[in-house]
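Under the numbering used here, the residues of the sequence shown are numbered 2 to 176, in order. For glycine and all other residues, C-beta sits at the position ideal for the given N, C-alpha and C. No experiment lies behind these values; they were computed from the predicted model shown. Written below as structure tokens is the structure these notes are about.
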Amino acid sequence: MIIIKSKILLTLTILYFGIAFSQTKADSLEIENINKYSETINENSKIAEYQFEVKSKNKIVKYQYSKKGNEIVEITREWKVDNGDYIDTYIDYFLLKNEERVYVNQSIVFKKKSDEEIIGGWSCTFWIKKDKVIHMTSLGHGKTELPDWDYEKELKENFNYMMKQVQKVEKNKNK
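The following block contains the structure:
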């Protein structure tokens with residue numbers, strides 16, 4: 002989780018400068034506020050972190066989530082896919098404020114099995130306000146190149162599914 006947070010913080014810092022000049026003033030301000038909020042969550046020592054796994058026929062999905070008091074502020078899931086000579090690692094990260102999505106990062110990393118060398122990947126970052134993406138950036142080749150990719154729909158579906166998984170664990174924890 003610390004590595005993911007560090008990568009996200011670095012991405013936020015680098016991308017902020019380009020974003021500040023390409024957005025409306027209101028969106029730029031909102032993005033800056035989201036970035037500051039992310040920093041406060043990363044630095045907050047009162048954030049409790051939890052982990053669990055969901056096993057399916059072909060994979061194990063590792064979940065991590067963080068809570069500030071009773072509020073869920075982060076959800077991450079990660080799974081690996083064996084592609085012959087390569088292992089593909091998929092990661093979805095959601096930052097929440099008042100249990101609504103404000104920042105999302107999706108990524109795929111491709112590694113060689115033989116020497117674990119990273120040979121490529123894809124990453125897409127979204128800033129969200131009132132359930133709508135206000136800005137996105139993408140690095141590498143991936144879904145962003147598909148003309149019919151409905152990222153807003155996918156983000157909502159992924160978030161809803163991940164939140165249901167976390168809520169199941171929370172419900173069972175409180176029994």
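Exposed or buried, Ile32, counting other C-beta atoms within 10 Å across all chains shown (16 or more means buried)?
What you label residue 32 is simply residue 31 of the sequence shown in a count that begins at 1. So Ile32 counts as buried.
Quick one: what's Thr145 bridged to in DSSP?
In the sequence shown, counting from the first residue as 1, residue 145 sits at position 144. Answer is none; Thr145 lacks a bridge partner.
Ser139 bridges to which residues according to DSSP?
Within the sequence shown, the letter at position 138 stands for residue 139. Cys125.
Using the C-alpha atoms, what's the distance from Ser57 back to Tyr87?
Locating residue 87 in the sequence shown gives position 86, where the first residue counts as 1. Locating residue 57 in the sequence shown gives position 56, where the first residue counts as 1. Rounded to whole angstroms, Tyr87 to Ser57 spans 20 Å at the Cα level.
Pop quiz: Asn139 and Ser124 are said to be a contact at Cβ under 8 Å. What is the actual Cβ separation, rounded to whole angstroms?
On the sequence shown, position 138 is the one that residue 139 refers to. On the sequence shown, position 123 is the one that residue 124 refers to. In the sequence under discussion, the amino acid at residue 139 is Ser, which differs from the Asn named in the question. Beta-carbon to beta-carbon, Ser139 and Ser124 are separated by about 7 Å, close enough to satisfy the 8 Å threshold.
Exposed or buried, which one is His142 when buried takes at least 16 other CB atoms within 10 Å?
What you label residue 142 is simply residue 141 of the sequence shown in a count that begins at 1. Exposed.
Quick one: any contact between the region 33 to 52 and the region 91 to 109, if contact means 3 or more CB pairs under 8 Å?
Flag = yes, the region 33 to 52 and the region 91 to 109 touch.
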